[in-house]
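Trainee:
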Amino acid sequence: MLRNIEISLLRSFATLASTGSFTRSAELLFRTQSAITMQMQKLDELLGCKLTYRSGKSINLTAEGRMLLPYALEIIRLNDELQASFSALKHREQIRIGTSDDYAVILLPRIIHAFRATHPDVELTVHCSNRNQNLEKFKQGELDFLLTPVTAEENIGETLRTDRLVWIGSPGIKITESEPVPLTGFPLGCVCRDLMIRILTKSNRKWKFVYSSNSIVSIHSAIMSGQVVSAVEESTVPNGVNIIDGQFGLPPLPEVKISAIYKNDKKNKALQRFCQHVSEGIRAGTASHAVEVRSLGFASG
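In terms of the numbering used here, the sequence shown is residues 1 to 301.
1) Note the first and the last residue of the continuous beta strand (DSSP E) segment covering D121.
2) Assign T32 to one of two classes, buried (16 or more other C-beta atoms within 10 Å of its C-beta) or exposed (fewer than that).
3) Verify whether the separation of the beta carbon atoms of S170 and G226 is less than 8 Å.
4) If I'm right that D101 touches N214 with Cβ under 8 Å, what's the distance once you round it to whole angstroms?
5) Using a beta-carbon distance below 8 Å, is Y53 in contact with chain D?
6) Of all the options A231, D80, N268, I97, which has the alpha carbon lying nearest to the alpha carbon of L165?
7) Going by Cα to Cα distance, which pick from I59, S12, I112, A63 is closest to F274?
8) Does the Cβ-Cβ distance between I216 and E233 come in under 8 Å?
9) If you draw a straight line from the alpha carbon of L73 to that of R110, how long is it in whole angstroms?
10) Given this structure, state the Cα-to-Cα distance separating T99 from G189, to the nearest angstrom.
11) Straight-line CA distance for K50 to M38?
12) Is the stretch 183 to 201 in contact with the stretch 66 to 84, if contact means three or more CB pairs nearer than 8 Å?
13) Mind pulling the beta strand (DSSP E) runs of 3 or more residues that sit fully within the stretch 23 to 61?
14) Inspect the beta-carbon positions of L253 and W167 and report whether they are closer than 8 Å.
15) Report the three-state DSSP secondary structure of D163 (helix, strand or coil).
16) What is the DSSP secondary structure of T184, counted as helix, strand or coil?
17) Indicate the three-state DSSP secondary structure (helix, strand or coil) for E233 in the structure shown.
18) Rounded to the nearest angstrom, how far is the Cβ of V191 from that of R131, given a contact under 8 Å?
19) According to the neighbour-count rule (16 or more other Cβ atoms, all chains shown, within 10 Å of its Cβ), is L200 buried or exposed?
20) What does A17 pair with, by DSSP beta-bridge criteria?
21) Should T118 be labelled buried (16 or more other beta-carbon atoms within 10 Å of its own) or exposed?
22) Any idea what DSSP makes of F138, helix, strand or coil?
23) How about I59 and S18: do their beta carbons lie closer than 8 Å?
24) For a minimum of 3 consecutive residues, which ranges assigned as the beta strand (DSSP E) are wholly contained in the stretch 190 to 248?
25) Given a cut-off of 8 Å, decide if I244 and V229 are closer than it, judged by their beta-carbon atoms.
26) Take D44 and list the residues in its own chain whose beta-carbon comes closer than 7 Å to its own, dropping the five residues that flank it on each side.
27) Spatial neighbours of V122 within its chain, please: C-beta separation below 6 Å, excluding the five flanking residues on both sides.
28) How is the beta strand (DSSP E) around S259 delimited, first residue to last?
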């Protein structure tokens with residue numbers, strides 16, 4: 001029957017093989033000499049052979065002991081490596097980021113890439129949702145950092161930059177001023193959605209929401225179908241669509257602020273460094289516009 005050999009027995013054996021002394025081994029392992037002796041007796045019993053013998057004042061290995069030694073050292077190494085790996089995983093720094101899907105796709109990739117190049121051991125987790133949901137998660141302690149749009153009237157978080165809100169549509173979009181403006185965007189709770197509806201209503205321009213989605217790729221594809229328009233920050237306009245400000249009787253849109261909300265935790269050095277990376281990247285206009293959008297053949301709503 002196979003028997004399990006305790007790591008502590010192998011560690012004591014390897015130490016004894018190295019020192020040749022029960023007394024010295026006991027000192028190194030913070031055990032009593034009698035405890036080391038009992039461990040060696042137990043190991044002899046488990047393997048069914050004598051592993052050591054005394055020669056004068058020195059403890060030497062038998063042929064069986066010499067056979068066991070490389071196995072013992074490898075098992076000890078693997079055990080210590082395993083524990084070190086899981087210990088590092090447990091204490092690995094983590095930053096939980098809350099943002100909208102468009103910011104995650106367009107604004108954050110290059111910033112995260114640059115941060116990861118200098119902080120490879122920090123785990124970044126991005127949660128995409130609307131601002132209200134992200135704020136609630138932040139208050140509950142489920143998120144560490146938020147990157148979110150804020151209206152000009154609001155005083156929320158640290159303003160990283162002010163961005164112009166623009167109307168966008170496909171190159172072939174046509175809207176008559178007599179028909180309701182067909183809209184697409186994120187579901188309720190989106191700052192840009194709320195602003196374009198508010199501005200259209202204030203301008204006495206009829207509108208209808210044709211398509212909403214939590215996926216920015218789906219929204220961009222709907223726009224490319226040529227049947228809907230939307231309003232986005234100028235820095236997040238994707239490739240393949242046109243800015244259509246001033247066309248089709250669309251009213252001018254206000255500016256929005258791109259803001260960061262984060263924990264003021266001076267002990268979390270990784271979070272502080274990440275906040276600095278995001279701040280510098282957004283202020284410098286770092287964004288990834290490699291997002292190509294294609295029509296998925298959306299039918300009119």
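The beta-carbon is built from N, C-alpha and C at its ideal position, and this holds for glycine as well.
Mentor: Taking the geometry as given:
1) Within the sequence shown, residue 121 is the residue found at index 121, counting from 1. Annotation: D121 is outside any beta strand (DSSP E) and is labelled neither H nor E by DSSP.
2) Here residue 32 refers to the residue found at position 32 when the sequence shown is read from its first residue. Exposed: under 16 other Cβ atoms inside 10 Å.
3) Translated into the one-based positions of the sequence shown, residue 170 becomes position 170. Translated into the one-based positions of the sequence shown, residue 226 becomes position 226. Closer than 8 Å, so yes.
4) Taking the first residue of the sequence shown as 1, we reach residue 101 at position 101. Taking the first residue of the sequence shown as 1, we reach residue 214 at position 214. 6 Å between Cβ atoms; contact.
5) Among the chains of the structure shown, chain D does not appear; only one protein chain is present.
6) Taking the first residue of the sequence shown as position 1, residue 165 is located at position 165. Among A231, D80, N268, I97, the Cα nearest to that of L165 is on A231.
7) Walking along the sequence shown from the start, residue 274 turns up at place 274. Closest option to F274, Cα to Cα, is I112.
8) In the sequence shown, the residue the question calls residue 216 occupies position 216. In the sequence shown, the residue the question calls residue 233 occupies position 233. Going by C-beta atoms, I216 is not nearer than 8 Å to E233.
9) To locate residue 73, count along the sequence shown from 1; it is residue 73. To locate residue 110, count along the sequence shown from 1; it is residue 110. Whole-angstrom Cα-Cα distance: 45 Å.
10) As a working note, residue 99 is residue 99 in the sequence shown. As a working note, residue 189 is residue 189 in the sequence shown. Taking the straight line from one Cα to the other gives about 13 Å.
11) Residue numbering aside, residue 50 sits at position 50 when the sequence shown is read from its first letter. Residue numbering aside, residue 38 sits at position 38 when the sequence shown is read from its first letter. Each residue's alpha carbon lies about 13 Å from the other.
12) Fewer than three Cβ pairs drawn from the stretch 183 to 201 and the stretch 66 to 84 lie within less than 8 Å of each other, which leaves the two stretches out of contact.
13) 52 to 55, 58 to 61
14) Sequence index remark: in the sequence shown, residue 253 carries index 253 (1-based). Sequence index remark: in the sequence shown, residue 167 carries index 167 (1-based). Closer than 8 Å, so yes.
15) The sequence position of residue 163 within the sequence shown is 163, counting from 1. D163 falls in the strand class under three-state DSSP.
16) By one-based count along the sequence shown, residue 184 stands at place 184. Three-state DSSP puts T184 in a strand.
17) Mapped onto the sequence shown, residue 233 falls at position 233. Strand.
18) What you label residue 191 is simply residue 191 of the sequence shown in a count that begins at 1. What you label residue 131 is simply residue 131 of the sequence shown in a count that begins at 1. That pair is a contact at about 6 Å.
19) To locate residue 200, count along the sequence shown from 1; it is residue 200. It counts as buried.
20) Reading the sequence shown from its first residue, position 17 is the one you call residue 17. Note: A17 sits in no beta bridge, so no partner.
21) Start at 1 with the first residue of the sequence shown, and residue 118 comes out as number 118. It is exposed - the Cβ of T118 has fewer than 16 other Cβ atoms within 10 Å.
22) Here the question's residue 138 lines up with position 138 in the sequence shown. Helix at F138.
23) Sequence index remark: in the sequence shown, residue 59 carries index 59 (1-based). Sequence index remark: in the sequence shown, residue 18 carries index 18 (1-based). No, Cβ-Cβ distance for I59 and S18 is not below 8 Å.
24) Segments of the beta strand (DSSP E) lying fully in the stretch 190 to 248: 207 to 212, 230 to 233.
25) On the sequence shown, residue 229 is found 229 positions in, with the first residue counted as 1. On the sequence shown, residue 244 is found 244 positions in, with the first residue counted as 1. Yes, these two residues count as a Cβ contact at 8 Å.
26) Here residue 44 refers to the residue found at position 44 when the sequence shown is read from its first residue. Hits under 7 Å: K50, L51.
27) What you label residue 122 is simply residue 122 of the sequence shown in a count that begins at 1. Exclusion of the five residues before and after V122 leaves E93, A270 as the residues of its chain whose Cβ lies within less than 6 Å of its Cβ.
28) As a working note, residue 259 is residue 259 in the sequence shown. 255 to 262 is the span of the beta strand (DSSP E), which, as asked, contains S259.
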